[in-house]
Amino acid sequence: MTIFLIWLIALLLIAYFADRRWNHGVSQGLDRLLPNVLKSHGENRYLWVAALAVLGATALVRPVEILLVAILLALIGLIVMKLVGWANNMSH
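For the record, in the sequence shown the residue sitting at position 84 is 102 according to our numbering, with numbers rising by one throughout.
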């Protein structure tokens with residue numbers, strides 16, 4: 019229970035500070051690393067803040083589990099990209 023509380027506090031703090039600094043560095047740094055499809059334009063700001071907060075909190079509390087979280091987020095991102103591509107092809 020203590021680990022969960024520490025993780026939750028870290029998650030909230032990271033999310034808060036990432037959201038506050040979004041327009042002053044976080045967004046630009048993220049955009050440099052991502053392909054055009056995943057760029058952090060205004061519509062998916064909170065998704066990226068949540069993903070960064072989960073990764074950051076997990077890295078602080080249980081560094082070994084960060085690999086599992088990264089793999090799960092990558093799989094979810096891949097599925098979302100495939101669905102977006104499929105929806106684009108259906109609309110044309």
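C-beta: ideal position from N, C-alpha, C; glycine also.
Residue i versus residue j: straight-line alpha-carbon distance, rounded
| i | j | result |
| --- | --- | --- |
| Met-19 | Ala-68 | 22 Å |
| Glu-83 | Leu-23 | 17 Å |
| Ala-71 | Met-108 | 34 Å |
| Pro-81 | Asn-106 | 37 Å |
| Leu-96 | Ile-32 | 24 Å |
| Ile-21 | Leu-30 | 14 Å |
| Trp-104 | Leu-86 | 27 Å |
| His-42 | Arg-63 | 13 Å |
| Ala-77 | Leu-90 | 14 Å |
Residue i vs residue j beta-carbon contact at 8 Å
| i | j | result |
| --- | --- | --- |
| Ala-28 | Val-79 | yes |
| Trp-25 | Ala-88 | no |
Residue i, DSSP secondary structure in three states
| i | result |
| --- | --- |
| Arg-38 | helix |
| Gly-74 | helix |
| Gly-43 | coil |
| Arg-50 | helix |
Neighbour-count burial assignment, residue i, 16 or more Cβ in a 10 Å radius
| i | result |
| --- | --- |
| Ala-92 | exposed |
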